[in-house]
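Visitor: First to last, the sequence lines map onto chains A and B. No gaps in the numbering here: position 47 of the first sequence is 47 in the numbering used here, and each next residue is one more. No gaps in the numbering here: position 88 of the second sequence is 1088 in the numbering used here, and each next residue is one more.
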Amino acid sequence: EPEVTQTPSHQVTQMGQEVILRCVPISNHLYFYWYRQILGQKVEFLVSFYNNEISEKSEIFDDQFSVERPDGSNFTLKIRSTKLEDSAMYFCASSGFIAGGPGYIRGETQYFGPGTRLLVL
Amino acid sequence: DQQVKQNSPSLSVQEGRISILNCDYTNSMFDYFLWYKKYPAEGPTFLISISSIKDKNEDGRFTVFLNKSAKHLSLHIVPSQPGDSAVYFCAASDISNFGNEKLTFGTGTRLTIIP
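Structure (structure tokens):
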């Protein structure tokens, strides 16, 4: 069964350093997402990406964050200058095409990767 | 701003019995709801979903019920098995974001199945 993969599984970095988190979405999916979960808190939306551009971003996704799809398979999240509060699990997700119309039942679900645990010291 | 709430942080159920996990939401624009299961150090795993035009969806041991007037949904697992022990997240997406399915998650309920 196709799955979303993420690398690295763990990343430790010093405050102020740049990190790049990598994701390989499911191959025929068109929508890509990053979420994060700070320890003990809920999963929070960061950004969605479609057709090579950001569709929506949350308040968390400030100028220190960027996303890129550098080739046909990878989807990356870059944090330019990490802060202590960026320590969290970062999850990539992808979903397929969502068609629609009155009464259409959306069946396209977001499938999540295993996450990257980022620790900023 | 807790648009999706899971008021029970934990739940313990005997193996073989029914587990009922609850979720409430406040945003009337939510039109698609999902349940995810999460083990420690893993990503959320999709379980089951329901559109707002339905009030029930069933998949094997899992059934999701939606009460739109009460803005409430529940996940029923029957019979409960030890492997069901995990954290369960309710999530919702917003019709105004059609084609851009940002999910809003609840805080999760830790389900423990007692053998």
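The beta-carbon is built from N, C-alpha and C at its ideal position, and this holds for glycine as well. If you're wondering where the values come from, they're calculated on a predicted model, not measured in any experiment.
In whole angstroms, give me the CA-to-CA distance for Ser48(A) and Val1087(B).
Guide: The straight-line gap from Cα to Cα measures roughly 24 angstroms.
Visitor: Could you confirm whether any beta carbon from chain A is found closer than 9 angstroms to the beta carbon of Tyr1025(B)?
Guide: Closer than 9 angstroms: no.
Visitor: How about Gly103(A): is its C-beta nearer than 9 angstroms to some C-beta of chain B?
Guide: Only weak support is given to the placement of Gly103(A): the predicted model assigns it a pLDDT of 45, under 50, and the question is left unresolved by the model.
Visitor: Counting Cβ pairs closer than 8 angstroms, one from the stretch 1038-1052 of chain B and one from the stretch 108-121 of chain A, do we hit at least three?
Guide: Yes, the stretch 1038-1052 of chain B touches the stretch 108-121 of chain A.
Visitor: In the DSSP assignment, find the beta strand (DSSP E) that holds Asp1031(B) and state where it starts and stops.
Guide: Its beta strand (DSSP E) spans residues 1030-1038.
Visitor: Taking only beta-carbon atoms, is Lys1056(B) less than 9 angstroms away from chain A?
Guide: Not an interface residue.
Visitor: Using only the alpha-carbon positions, how far apart do Asp62(A) and Arg80(A) sit?
Guide: Taking the straight line from one Cα to the other gives about 10 angstroms.
Visitor: Using a threshold of 9 angstroms, state whether the C-beta atoms of Ser1093(B) and Tyr1036(B) are closer than that.
Guide: Going by C-beta atoms, Ser1093(B) is not nearer than 9 angstroms to Tyr1036(B).
Visitor: Any idea what DSSP makes of Asp71(A), helix, strand or coil?
Guide: In this structure, Asp71(A) counts as coil in the three-state DSSP scheme.
Visitor: Mind listing which residues of the stretch 27-54 of chain A have their C-beta closer than 8 angstroms to chain B's C-betas, in chain order?
Guide: Under the 8 angstroms Cβ criterion, the stretch 27-54 of chain A contributes Tyr31, Tyr33, Tyr35, Gln41, Lys42, Val43, Glu44, Phe45, Ser48, Tyr50.
Visitor: Between Gln64(A), Phe91(A), Phe75(A), Gly72(A), which lies nearest to Lys83(A) when the distance is taken from Cα to Cα?
Guide: The shortest Cα separation from Lys83(A) among Gln64(A), Phe91(A), Phe75(A), Gly72(A) belongs to Gln64(A).
Visitor: Taking the beta carbon of Leu121(A) as the centre, do at least 16 other beta carbons fall within 10 Å, making it buried, or is it exposed?
Guide: Under this definition Leu121(A) is an exposed residue.
Visitor: Just to confirm before moving on: does the CB-CB distance between His29(A) and Ser94(A) stay below 9 angstroms?
Guide: Yes, these two residues count as a Cβ contact at 9 angstroms.
Visitor: Have a look at Trp34(A) and Thr1063(B) and give me their C-alpha separation to the nearest angstrom.
Guide: Rounded to whole angstroms, Trp34(A) to Thr1063(B) spans 28 angstroms at the Cα level.
Visitor: Note down the Cα distance separating Glu53(A) from Pro25(A), rounded to an integer number of angstroms.
Guide: Straight-line Cα distance between these residues: approximately 16 angstroms.
Visitor: Per DSSP, what are the beta-bridge partners of Met89(A) in this structure?
Guide: Answer is Gln37(A), Arg117(A), bridged to Met89(A).
Visitor: For Phe65(A), return the contacting residues in chain B, with the cut-off set at a CB-CB distance below 8 angstroms.
Guide: Here the premise fails: no neighbours, minimum Cβ distance about 15 angstroms.
Visitor: Verify the CB distance criterion: does Gly1060(B) have a CB-CB separation below 9 angstroms to chain A?
Guide: No - not a single Cβ of chain A is within 9 angstroms of the one on Gly1060(B).
Visitor: Per DSSP, what kind of secondary structure is Asp1084(B) in: helix, strand or coil?
Guide: Here Asp1084(B) sits in helix by DSSP.
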